[in-house]
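Which chain is which? The protein sequence lines are S and A, in order. For the first sequence, our numbering gives the first residue as -4, with consecutive numbering after it. For the second sequence, our numbering gives the first residue as 8, with consecutive numbering after it. A virtual CB, placed ideally from N, CA and C, is assigned to each residue, including glycine. Only one structure is covered here, and it is reproduced in the block below.
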Amino acid sequence: QKEVEQDPGPLSVPEGAIVSLNCTYSNSAFQYFMWYRQYSRKGPELLMYTYSSGNKEDGRFTAQVDKSSKYISLFIRDSQPSDSATYLCAMSASGGSNYKLTFGKGTLLTVNP
Amino acid sequence: ETGVTQTPRHLVMGMTNKKSLKCEQHLGHNAMYWYKQSAKKPLELMFVYSLEERVENNSVPSRFSPECPNSSHLFLHLHTLQPEDSALYLCASSVLVGGETQYFGPGTRLLVL
């Protein structure tokens, strides 16, 4: 079983739709969970950062972590064409020597006007 | 310049060439990273530096040679590469190794012929 599983898509939605992106993981030591957005021909940029379980909201974006199910989600409300990008989940165990970020393969999202 | 910059943005090289990739971070961070991003694969961590000392060499072939002369600059020296080394090479930095938030540069798109 891969450490982090992420459906690569592609996912195509109409403008204004609610988008749900998900990752599952197998390592119960993961405590820090991130979502990165990567536009074409650019590096990943940090979108959301969550520690342990729970929800975090930032504007149209909501990140959810369910550690009991080893499942994380990113919701995008009122999606816009400018949200079209690849979304990467990433996670790590606690700091110190456990600094490695483990990434999913990324989900390619297209929001159609 | 702000954030993390990388040069060149694109590079084509033959298998017998020697070239170098450059990364510079303007964030005052102490940790820097090299990642490889190939199509349909998760980001692969290659090297990690903390305060100019290498703390991780993730089983990377010796044809890739990193150099970190100071905490703001990171190089990746390339020699006798193979076509399968063609990928997007991303540099990232964080406040400390173990700092979960990593900031990425735009990457160098490398094609090995």
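Inter-residue spacing [alpha-carbon to alpha-carbon] between residue i and residue j
i	j	result
ARG116 of chain A	LYS43 of chain A	10 Å
LYS26 of chain A	LEU97 of chain A	16 Å
LEU69 of chain S	LYS47 of chain A	20 Å
TYR56 of chain A	SER79 of chain A	11 Å
SER21 of chain S	LEU95 of chain A	27 Å
ASN77 of chain A	ARG16 of chain A	22 Å
PRO3 of chain S	GLY54 of chain S	25 Å
PRO76 of chain S	SER15 of chain S	15 Å
LEU81 of chain A	CYS75 of chain A	5 Å
ALA24 of chain S	SER87 of chain S	8 Å
GLN33 of chain S	PRO68 of chain A	27 Å
MET43 of chain S	SER63 of chain S	20 Å
PRO5 of chain S	SER79 of chain S	11 Å
PRO49 of chain A	PHE98 of chain S	6 Å
MET22 of chain A	PRO90 of chain A	8 Å
GLN109 of chain A	LEU103 of chain A	9 Å
ASN50 of chain S	LEU103 of chain S	23 Å
HIS33 of chain A	ASN107 of chain S	36 Å
LEU41 of chain S	GLN26 of chain S	17 Å
GLU51 of chain A	SER66 of chain A	11 Å
GLY114 of chain A	THR14 of chain A	8 Å
LEU28 of chain A	LYS95 of chain S	22 Å
PRO73 of chain A	ARG36 of chain S	23 Å
CYS18 of chain S	THR105 of chain S	18 Å
LEU58 of chain A	SER48 of chain S	32 Å
SER93 of chain A	LEU118 of chain A	5 Å
LEU125 of chain A	SER45 of chain A	The structure shown does not extend to residue 125 of chain A, since chain A is modelled only from 8 to 120, so the question has no answer here.
ILE71 of chain S	ALA58 of chain S	9 Å
HIS36 of chain A	GLU52 of chain S	27 Å
Presumed contact (8 Å Cβ cut-off) between residue i and residue j, rounded CB distance
i	j	result
MET39 of chain A	CYS30 of chain A	7 Å
TRP30 of chain S	TYR66 of chain S	About 14 Å; that fails the 8 Å criterion.
LEU85 of chain A	ARG70 of chain A	7 Å
GLY11 of chain S	ASP73 of chain S	6 Å
VAL8 of chain S	CYS84 of chain S	Contact flag wrong, Cβ pair sits at about 18 Å.
PHE54 of chain A	GLU63 of chain A	6 Å
GLY101 of chain S	PHE111 of chain A	Not a contact, Cβ separation roughly 13 Å.
THR45 of chain S	PHE28 of chain S	5 Å
SER100 of chain A	VAL11 of chain A	6 Å
Contact set between residue i and chain A, taken where Cβ atoms lie within less than 7 Å
i	result
PHE98 of chain S	PRO49 and LEU50
Chain S residues whose Cβ lies nearer than 7 Å to that of residue i
i	result
GLN32 of chain A	Going along chain S, no residue has its Cβ under 7 Å from GLN32 of chain A, so there is no contact; the nearest lies around 12 Å.
GLY114 of chain A	GLY38
Listed by chain order, chain A residues near residue i by CB distance under 9 Å
i	result
LYS95 of chain S	LEU52, VAL55, GLU63 and ASN65
GLU40 of chain S	TYR110 and PHE111
LYS62 of chain S	Ordered by position in chain A, no residue passes the 9 Å Cβ test against LYS62 of chain S, which lies about 16 Å from the chain.
PRO3 of chain S	LYS47
Chain S residues whose Cβ lies nearer than 8 Å to that of residue i
i	result
LEU97 of chain A	GLY38 and PRO39
Contact test: residue i Cβ vs the ligand FMN heavy atom, cutoff 6 Å
i	result
GLU59 of chain A	Although the ligand FMN was asked about, the structure shown includes no ligands whatsoever.
Under 8 Å by beta carbon: chain A residues contacting residue i
i	result
VAL8 of chain S	By Cβ distance, chain A contributes nothing, its closest Cβ being about 21 Å from VAL8 of chain S, past 8 Å.
VAL(-1) of chain S	PRO49
Within chain B, partners of residue i - CB distance below 7 Å
i	result
VAL14 of chain S	The structure shown has no chain B; the protein chains it does contain are S and A.
*Which full runs of the beta strand (DSSP E) of 3+ residues lie inside the segment 50 to 112 of chain A, going along the chain?*
51 to 57, 60 to 64, 71 to 77, 80 to 86 and 94 to 101
**Report entry** Start-end ranges of the beta strand (DSSP E) lying completely within the segment -3 to 45 of chain S, minimum 3 residues
**Finding:** -1 to 1, 6 to 9, 14 to 20 and 27 to 33
query: Which whole runs of the beta strand (DSSP E) in the segment 43 to 68 of chain S are 3 residues long or more, in chain order?
result: 49 to 53 and 56 to 61
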